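Chemist:
In the numbering used here, the protein residues as written are -11 to 163.
In structure tokens form, the structure reads like this:
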């Protein structure tokens, strides 16, 4: 299963690979690095760094460079829940978030999945939600995951607002 890590913070990326051994660079500008866990390739694209495991399909590297990542930092860097990396797994033609993200299930999950077609929320055995998307087109698969994360955080925010409104009505005197 190939692994993709998308870093929204360059310092965070540099810290994460500080003990890795830097290898050569391929003709497309991807650096080879080796760490305790194995070998990886990475490339800085604008303000982002994309790191992939060595088993990532080389014919899809170019497609990774075309992904629109502008919204990713905005989605991941929410106050109180800041993350600087999105870790994904590519298996067959399915892209999914990993346990590292561990989204909390929310009421109405099945209803949301019935409406949304570009991605799906799935609860795993540990009680975490992951986002899954078709990755025949890796570019649209990653963009769908980013949209899914945006939807998730919007739903959570709206639920908090509703909870506050309902709770505030309980403070009013009862007649």
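Where is the CB? At the ideal position from N, CA and C, for every residue including glycine.
Keep in mind that this is a model prediction, so the values were computed, not measured.
Distance check for residue -8 and residue 122, CA to CA, integer angstroms please.
Modeler: The alpha-carbon atoms of residue 122 and residue -8 are separated by roughly 15 Å.
Chemist: Hey, is the region 12 to 20 in contact with the region 63 to 78, meaning 3+ C-beta pairs nearer than 8 Å?
Modeler: Not touching, per the Cβ criterion.
Chemist: Going straight from the alpha carbon of residue 144 to that of residue 137, what length do you get?
Modeler: So the alpha carbons of these two residues sit roughly 11 Å apart.
Chemist: Among 146, 149 and 82, whose alpha-carbon lies nearest the alpha-carbon of residue 118?
Modeler: If we check each option's Cα against that of residue 118, 82 comes out closest.
Chemist: With distances taken Cα to Cα, identify the nearest neighbour of residue 133 among 160, 95, 78 and 155.
Modeler: Considering only alpha carbons, the answer is 78.
Chemist: May I have the straight-line CA-CA distance separating residue 157 from residue 149, to the nearest angstrom?
Modeler: Residue 157 and residue 149: Cα-Cα distance of roughly 13 Å.
Chemist: How about the region 49 to 57 and the region 26 to 37: do they share at least three Cβ pairs that are nearer than 8 Å?
Modeler: The region 49 to 57 is in contact with the region 26 to 37.
Chemist: Taking residue 48 as the reference, which of -1, 95, 111 and 80 has the closest Cα?
Modeler: The shortest C-alpha separation from residue 48 is found at 80.
Chemist: Using a beta-carbon distance below 8 Å, is residue 68 in contact with chain C?
Modeler: Included in the structure is just one protein chain, with no chain C present.
Chemist: So which of 93, 97, 96 and 74 has the shortest CA-CA distance to residue 86?
Modeler: With distances taken between Cα atoms, residue 86 lies closest to 74.
Chemist: Which residue comes first and which comes last in the beta strand (DSSP E) that contains residue -7?
Modeler: Residue -7 -> beta strand (DSSP E) spans -10 to -5.
Chemist: What three-state label does DSSP hand residue 26 in the structure shown?
Modeler: If DSSP states are grouped into helix, strand and coil, residue 26 belongs with the strands.
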